[in-house]
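Residue numbers (the UniProt record's numbering), protein chains in the order written: chain D, 1 to 300; chain V, 1 to 463. Right, one structure below, let's go through it.
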């Protein structure tokens with residue numbers, strides 16, 4: 001069985017620098033077979049964690065993007081009406097001969113209803129992401145992304161799936177998971193997730209990383225960037241986060257910026273460099289000004 | 001180990017963090033899996049399993065640091081490190097040595113007695129976990145919220161008295177602090193809000209029903225069912241509106257109106273994203289948006305923060321004109337749709353510029369504008385009150401003196417909003433709703449036939 005340190009190592013090999021809490025959460029989720037609910041500001045690597053995990057653990061990734069109005073037909077399963085209809089059409093002659101043997105109408109109906117389960121079998125069930133990940137041959141990674149966008153009803157729908165790893169289909173009964181997936185739920189916190197769902201999950205809050213970890217993240221992704229520049233830009237962005245911007249720069253912005261700077265072969269940060277690339281960090285017009293001012297103040 | 005976790009959970013609960021028995025079991029399980037390799041890892045394990053809300057994390061850290069601190073616990077004389085080593089022994093399946101038993105017995109014989117009950121304790125825990133309730137509807141949430149304030153003030157239970165670490169611990173942590181709401185006050189308000197929520201819920205239900213109703217969109221239906229050989233399995237309907245109504249609330253938090261504001265904040269807290277999109281602002285001289293805080297903070301915390309003057313300076317005099325201009329500049333442009341505005345305040349401008357043009361522009365962008373003031377109509381023309389001037393830009397100006405009135409007014413507004421968003425199809429069905437109200441069936445047969453329907457002002461408003 002995998003240990004916590006191995007999890008950390010694996011993630012590092014996948015280019016994801018995890019801190020103790022993150023690796024512990026993954027380790028626990030694997031051992032306890034419980035879903036993880038990840039909350040945190042946008043762009044700190046919530047979805048990234050799931051993607052990296054699926055790569056390094058070799059779990060096929062099944063992704064369910066939530067949106068307002070998502071329902072079980074989109075998330076769990078659906079009946080394939082078209083196929084059902086097509087089969088009845090094609091099997092018409094067979095059915096005719098099959099039913100012609102029965103004496104009267106009543107017998108025919110009885111005979112037909114005995115075969116009813118044929119038309120509501122797994123054959124005609126379309127597997128949507130959750131069911132697909134439950135029934136996959138290998139243990140999979142089920143990513144339920146941005147759950148805060150969905151409604152209360154959908155959350156209630158998830159309760160059964162996530163606590164017992166099973167799906168109830170009225171026509172078929174309960175379908176248990178063949179391999180319990182590692183489930184990861186992410187939320188940006190735009191809406192409170194109900195306590196019932198929280199209780200079924202391990203709760204992991206990923207905030208902005210500490211200085212050293214953020215530098216390590218940049219270095220891991222862009223090894224060509226020199227250490228000094230990485231430290232300088234991370235320091236600058238940490239200051240920018242304290243500015244009370246409308247959209248504070250996140251880790252994803254840090255990485256974007258690092259990429260831009262490495263393309264431009266920048267050796268050192270100056271107010272001019274910041275002014276030229278500010279669009280990567282600040283995403284609102286009001287923020288641009290503030291970031292530029294900060295640059296002049298810090299480096300000028 | 002179970003005992004220590006139970007105690008730790010008790011401590012967390014005293015601090016106001018909600019921990020269910022199921023979560024305590026998870027924590028125990030996690031510790032057996034994760035082992036006790038180090039303080040940080042134990043902390044991470046416990047935090048992952050016990051804390052389910054990011055606002056509770058700082059409180060958890062504090063409790064953890066105190067509970068498992070290496071310092072002395074004063075008169076009790078029980079060292080936390082000793083507890084931790086005992087914990088490790090238990091986990092690893094070793095029994096404590098005789099002398100360790102004796103020293104502990106000397107300290108407190110109750111501990112040993114406790115030891116024997118552990119299995120039973122755990123069973124109790126299990127039983128409690130099963131009775132765990134998941135149907136957390138809005139009302140239940142409201143009720144739970146209502147008890148939250150009370151939790152902050154622990155009443156030492158018998159068990160807490162028995163276990164020395166808990167006693168030492170709670171004495172240390174609980175500082176006397178100002179509770180913005182008394183528990184009774186809070187419970188009262190919660191009751192009003194929850195009753196109101198139930199009533200508003202009906203309207204929301206109706207809206208939902210309407211969303212799945214509409215005229216058939218023939219072309220889209222045919223397109224959609226092409227692969228089914230044109231047999232219309234899936235219907236496509238013409239729909240008018242899908243959005244929830246939007247609401248923007250501006251609350252004066254100066255001392256003169258603070259009692260009404262508090263209720264409003266509480267109401268917003270419950271409504272936030274449950275029923276409609278609400279954006280809430282508070283102001284005194286300057287304006288500040290509190291929408292994200294309402295979403296993520298318990299309401300008492302938020303009120304405390306406001307009362308400390310951390311969001312807007314409370315020592316200033318309120319300046320409505322300035323606030324309207326600021327709102328127009330910063331926020332008016334990015335309001336989607338035609339939101340309804342509620343402005344709460346006494347319109348006492350302290351002789352600053354009125355800036356009613358800003359209010360006029362806000363009115364143009366608004367679907368509906370309601371002004372709530374705690375002052376009687378007679379006093380509006382006295383002193384620095386600009387109610388008469390501002391009132392001309394509002395659809396409605398109402399006096400709200402107490403909680404009941406306020407809740408009635410807000411409920412009224414919701415009815416108006418939902419009516420406003422009704423499609424024409426629904427309007428024809430409105431009389432049906434009337435019949436849901438309890439009839440006096442005894443008078444049913446004695447009543448004269450063909451009585452004229454009573455005048456319904458809500459219908460009138462739609463014409």
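All C-beta atoms in this analysis are idealised placements derived from N, C-alpha and C, irrespective of residue type, glycine included.
Of all Cβ atoms in chain D, is any one closer than 8 Å to the Cβ of residue i?
| i | result |
| --- | --- |
| residue 39 of chain V | no |
| residue 254 of chain V | no |
| residue 49 of chain V | yes |
| residue 231 of chain V | yes |
| residue 383 of chain V | no |
| residue 52 of chain V | yes |
| residue 308 of chain V | no |
| residue 305 of chain V | no |
| residue 1 of chain V | no |
| residue 29 of chain V | yes |
Taking Cβ positions, are residue i and residue j nearer each other than 8 Å?
| i | j | result |
| --- | --- | --- |
| residue 207 of chain D | residue 148 of chain D | no |
| residue 11 of chain V | residue 63 of chain V | yes |
| residue 68 of chain D | residue 194 of chain D | no |
| residue 404 of chain V | residue 370 of chain V | no |
| residue 294 of chain D | residue 220 of chain D | no |
| residue 140 of chain D | residue 27 of chain D | no |
| residue 142 of chain D | residue 133 of chain D | yes |
| residue 267 of chain V | residue 294 of chain V | no |
| residue 354 of chain V | residue 389 of chain V | yes |
| residue 303 of chain D | residue 43 of chain D | Any question about residue 303 of chain D goes unanswered here, given that chain D covers just 1 to 300. |
| residue 282 of chain D | residue 245 of chain D | yes |
| residue 347 of chain V | residue 372 of chain V | no |
| residue 254 of chain V | residue 318 of chain V | yes |
| residue 268 of chain D | residue 229 of chain D | yes |
| residue 252 of chain V | residue 283 of chain V | yes |
| residue 54 of chain V | residue 28 of chain V | no |
Of all the CB atoms in chain V, is at least one closer than 8 Å to the CB of residue i?
| i | result |
| --- | --- |
| residue 195 of chain D | yes |
| residue 182 of chain D | no |
| residue 208 of chain D | no |
| residue 189 of chain D | yes |
| residue 16 of chain D | no |
| residue 224 of chain D | no |
| residue 311 of chain D | Lying before the first or after the last residue shown, residue 311 of chain D is absent from chain D, which here runs from 1 to 300. |
| residue 31 of chain D | yes |
| residue 82 of chain D | yes |
| residue 203 of chain D | yes |
To the nearest angstrom, how far is it from the Cα of residue i to the Cα of residue j?
| i | j | result |
| --- | --- | --- |
| residue 1 of chain D | residue 84 of chain D | 44 Å |
| residue 161 of chain D | residue 63 of chain D | 15 Å |
| residue 72 of chain V | residue 66 of chain V | Per-residue confidence for residue 72 of chain V stands at a pLDDT of 41, beneath the threshold of 50, marking its modelled position as unreliable; the derived number appears in the next sentence. Residue 72 of chain V and residue 66 of chain V: Cα-Cα distance of roughly 10 Å. |
| residue 310 of chain V | residue 364 of chain V | 32 Å |
| residue 179 of chain V | residue 387 of chain V | At residue 179 of chain V, the pLDDT of 41 sits below 50, so the modelled position is not reliable; the number obtained from the coordinates is stated separately. Near 33 Å, if we compare the C-alpha coordinates of residue 387 of chain V and residue 179 of chain V. |
| residue 467 of chain V | residue 68 of chain V | One cannot answer for residue 467 of chain V here, as it falls past the ends of chain V, which runs 1 to 463. |
| residue 104 of chain D | residue 110 of chain D | 10 Å |
| residue 261 of chain D | residue 237 of chain D | 14 Å |
| residue 279 of chain V | residue 214 of chain V | 30 Å |
| residue 279 of chain D | residue 289 of chain D | 11 Å |
| residue 315 of chain V | residue 5 of chain D | 53 Å |
| residue 45 of chain D | residue 285 of chain V | 39 Å |
| residue 342 of chain V | residue 247 of chain V | 8 Å |
| residue 416 of chain V | residue 359 of chain V | 21 Å |
| residue 41 of chain V | residue 25 of chain D | 10 Å |
| residue 144 of chain D | residue 51 of chain D | 12 Å |
| residue 340 of chain V | residue 366 of chain V | 6 Å |
| residue 204 of chain D | residue 44 of chain V | 10 Å |
| residue 18 of chain D | residue 49 of chain D | 9 Å |
Taking 8 Å as the CB-CB limit, is residue i close to chain B?
| i | result |
| --- | --- |
| residue 11 of chain D | Structure shown: chain B not included; protein chains present are D and V. |
Next on the checklist: With three or more C-beta pairs closer than 8 Å as the rule, is the region 32-42 of chain D touching the region 177-185 of chain D?
Outcome noted: Yes: the two stretches touch, three or more of their Cβ pairs being nearer than 8 Å.
Item to check | Stretch-stretch touch, CB-based, cutoff 8 Å, three pairs: the region 153-169 of chain D with the region 72-81 of chain D | outcome: Between the region 153-169 of chain D and the region 72-81 of chain D there are three or more inter-stretch CB-CB distances shorter than 8 Å, so the stretches are counted as touching.
Item to check | Ordered list of beta strand (DSSP E) runs contained in the region 39-71 of chain D, each at least 3 residues | outcome: Within the region 39-71 of chain D, the complete beta strand (DSSP E) runs of at least 3 residues fall at 61-65.
Item to check | Touch test, the region 81-95 of chain D against the region 112-129 of chain D, Cβ-Cβ under 8 Å, three pairs minimum | outcome: Yes, the region 81-95 of chain D is in contact with the region 112-129 of chain D.
Next on the checklist: Below 8 Å, how does it come out for the region 207-217 of chain D and the region 5-19 of chain D: are there three or more Cβ pairs, yes or no?
Outcome noted: Three or more beta-carbon pairs drawn from the region 207-217 of chain D and the region 5-19 of chain D are found closer than 8 Å, and the two stretches are therefore classed as touching.
Item to check | Whole runs of the alpha helix (DSSP H) within the region 334-398 of chain V, excluding any shorter than 4 residues | outcome: If we require 4 residues or more, the alpha helix (DSSP H) runs fully inside the region 334-398 of chain V come out as 356-365, 387-391.
Checklist entry - Fully enclosed by the region 173-259 of chain D, which alpha helix (DSSP H) runs are 4 residues long or longer? => result If we require 4 residues or more, the alpha helix (DSSP H) runs fully inside the region 173-259 of chain D come out as 195-199, 211-221, 227-241.
Checklist entry - Unbroken beta strand (DSSP E) runs of length 3 or more, entirely within the region 4-84 of chain V: which are they? => result The region 4-84 of chain V contains no whole beta strand (DSSP E) run of 3 or more residues.
Next on the checklist: Please give me, in chain order, every unbroken run of the alpha helix (DSSP H) with length at least 4 that falls completely inside the region 118-162 of chain D.
Outcome noted: Counting only runs of 4 or more, we get 129-134.
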